[in-house]
Amino acid sequence: MIPENTAIPEVVFIGRSNIGKSSLINGLVNRNGLVKTSSKPGHTRMMNFFKIGDKLSLVDMPGYGWKSRDEWGDMILSYLQNRKNLRRIYILVDPSHGLKDSDLQIMKLLDGSGLSYQVVLTKMDRLSRTKYGSSKAEIEAQLVKDAICCFPMVLGVSSRTRDGLDELRAAIVKASQLGL
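Rendered as structure tokens:
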């Protein structure tokens, strides 16, 4: 069930199944176990809202792609297109796999709705610096070519090593216009 639309800014994390959305939220709030994680794809089956004080809500979405057609139904699409306090959608992408067709389809949907989104590369610790840099450059080039409403700065994070979490927190504060 979607909470009542309030003035509290919301940011949403979307991506393919097993991309690390739940782990990322745990890392952002420095609290392991806030969001249940699983190594099995498709664990998150509904939208989960995590209110951070009275300032912000983080929304963990079901993964798209792997057996997720039911979870990505009309309710989620309606939420994304109509939520007045939605400030930014973060699309999580594994840099070792690059942008998949399902990622591009979601970006096209968001572009068609005029919704602001930003790409976050997860699991960056699994690649060497050289391979990560090369993958990031390829993804950025594709975004410049194909994406309309994508915020231009691609971020990289690792929930395991905690690299990049401060930069993502700063981006969330700016997108949410929190002015902390």
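Going by full-length UniProt numbering, the residue at position 123 of the sequence shown is 123; the numbering climbs one at a time, nothing skipped.
Yeah, the Cβ is synthetic: ideal placement off N, Cα and C, and Gly gets one too.
Please read these numbers as outputs of a predicted model, since none were measured by experiment.
- Counting along the chain, Gly15 sits inside the beta strand (DSSP E) bounded by residues Glu10 to Gly15.
- For Asn30, there is no enclosing beta strand (DSSP E), as DSSP marks it with neither H nor E.
- In this structure, the straight-line span from the alpha carbon of Lys136 to that of Leu109 is close to 22 Å.
- In this chain, the beta strand (DSSP E) harbouring Asn48 covers Asn48 to Ile52.
- Under DSSP, Val120 takes part in a beta bridge, and its partners are Leu92 and Leu155.
- Per DSSP, Ser57 is one residue of the beta strand (DSSP E) stretching across Leu56 to Asp60.
- Between Asp60 and Ile89, the alpha-carbon positions lie close to 11 Å from each other.
- For Arg129, the secondary structure class from DSSP, reduced to helix, strand or coil, is helix.
- Non-local beta-carbon contacts of Ile148 in its own chain, meaning distances under 8 Å to residues more than five positions away in sequence, involve Asp111 in chain order.
- Contact annotation: Asn85 and Pro3 have beta-carbon atoms that are not nearer than 7 Å.
- Taking C-beta atoms as the reference points, Ser17 and Gly63 count as a pair closer than 7 Å.
- Listed in chain order, the non-local C-beta contacts of Tyr132 below 8 Å within the same chain comprise Pro95, Leu121, Met124 and Gly156, local neighbours out to five positions each way being set aside.
- Arg160 sits in coil when the DSSP states are folded into three classes, being neither helix nor strand.
- The segment 138-153 makes contact with the segment 95-107, as at least three CB pairs between them are under 8 Å.
- Leaving aside the five residues that flank Leu127 on each side, the residues in its chain whose CB is nearer than 7 Å to its CB run, in chain order, Pro95, Ser96 and Ser135.
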